[in-house]
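Enquirer:
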């Protein structure tokens, strides 16, 4: 079954081992906590999350899922890591923020409930699977006509190798060593092509930069050389 094949057990294992520290803002997941408000606001400004039915693909421990639910969305979070999902469910119980978490491949969910969601987010996930184009296609199937979608990933450039791997993992130790493989990073034109092939319209793209001196992250439309966000939509007529 194709959906079962589009999972890298080694990638899942990396995050399984770190699951207990997911909600510690000073842990290896500190960057996720720091960039979450930026990405959350970027999403909310474009789709007005309140009242929307949202799917968070590759939700991990639920940082983005919970924050979108707090903005008034009805959120489903899916991931293939059992341990991160357990942490997400536990934190949801503790916080009182309701999110429906499921362990299921997105391709399988697309066959089960196509055309269900107003908004889909898939952030920092595409670079961890064998066939990212399949994820894009499955996400499109899950969108309602007129639905909106957000992808965030890493660009495959010399700068991203220097900043996201050498700098973040080995020098600054912002992430555990081995978190990323540069060969799996995705150039924006590749992701845009997969989106267009799936009849998704690319509406906007912005980069995200990090200043190691001030330890501040910013969204920057003029620099997609390391991290970038793409906002797309499934047009009503399709």
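Residue numbers (the numbering used here): 5 to 242. Glycine is no exception: its CB is placed at the ideal position from the N, C-alpha and C atoms.
Between which two residues does the beta strand (DSSP E) harbouring residue 126 extend?
Expert: What you label residue 126 is simply residue 122 of the chain shown in a count that begins at 1. From DSSP, the beta strand (DSSP E) with residue 126 extends over 121–127.
Enquirer: Kindly list the residues whose CB is nearer than 7 Å to the CB of residue 25, restricted to its own chain and excluding five residues on each side of it in sequence; keep chain order.
Expert: Position 21 of the chain shown, counted from the first residue, corresponds to residue 25. The answer, listed in chain order, is 31, 32 and 33.
Enquirer: So which of 164, 152, 215 and 188 has the shortest CA-CA distance to residue 207?
Expert: As a working mapping, residue 207 is identified with position 203 in the chain shown. When only C-alpha atoms are compared, the closest one is 152.
Enquirer: Three-state secondary structure (DSSP) at residue 243?
Expert: The displayed coordinates of the chain run from 5 to 242. Any statement about residue 243 would go beyond what the structure contains.
Enquirer: Label residue 123 either buried or exposed according to how many other C-beta atoms from any shown protein chain fall within 10 Å of its C-beta, with 16 as the threshold for buried.
Expert: The residue you call residue 123 lines up with position 119 of the chain shown. Looking at its Cβ environment, which holds 16 or more other Cβ atoms inside 10 Å, residue 123 is buried.
Enquirer: Cutting at 6 Å between CB atoms, please list the residues of its own chain near residue 106, excluding the five before and the five after it.
Expert: Looking up residue 106 in the chain shown gives position 102. Once the five neighbours on either side are set aside, the close Cβ partners of residue 106 are 82.
Enquirer: Taking the C-alpha atoms as reference points, what is the distance between residue 42 and residue 156?
Expert: Walking along the chain shown from the start, residue 42 turns up at place 38. Walking along the chain shown from the start, residue 156 turns up at place 152. Taking the straight line joining both Cα atoms gives about 12 Å.
Enquirer: For residue 213, which residues in the same chain have their Cβ closer than 6 Å to its Cβ, ignoring the five residues on either side in sequence?
Expert: As a first step, residue 213 must be located in the chain shown, where it is residue number 209. Only 222, 224 and 227 meet the Cβ criterion.
Enquirer: Express the C-alpha separation of residue 218 and residue 6 in angstroms, rounding to a whole number.
Expert: Within the chain shown, numbered from 1, the residue matching residue 6 stands at position 2. Within the chain shown, numbered from 1, the residue matching residue 218 stands at position 214. Caution applies to residue 6, whose pLDDT of 41 falls short of 50 and renders its modelled position unreliable; the value that the coordinates give is listed next. Their Cα atoms are separated by approximately 44 Å.
Enquirer: If you measure between the beta carbons of residue 230 and residue 188, is that distance less than 7 Å?
Expert: As a first step, residue 230 is located in the chain shown; it is residue number 226 there, counting from the start. As a first step, residue 188 is located in the chain shown; it is residue number 184 there, counting from the start. Cβ distance not < 7 Å, so residue 230 and residue 188 don't count as in contact.
Enquirer: Secondary structure at residue 148, three-state DSSP: helix, strand or coil?
Expert: Here residue 148 refers to the residue found at position 144 when the chain shown is read from its first residue. Of the three classes helix, strand and coil, the one that applies to residue 148 here is strand, per DSSP.
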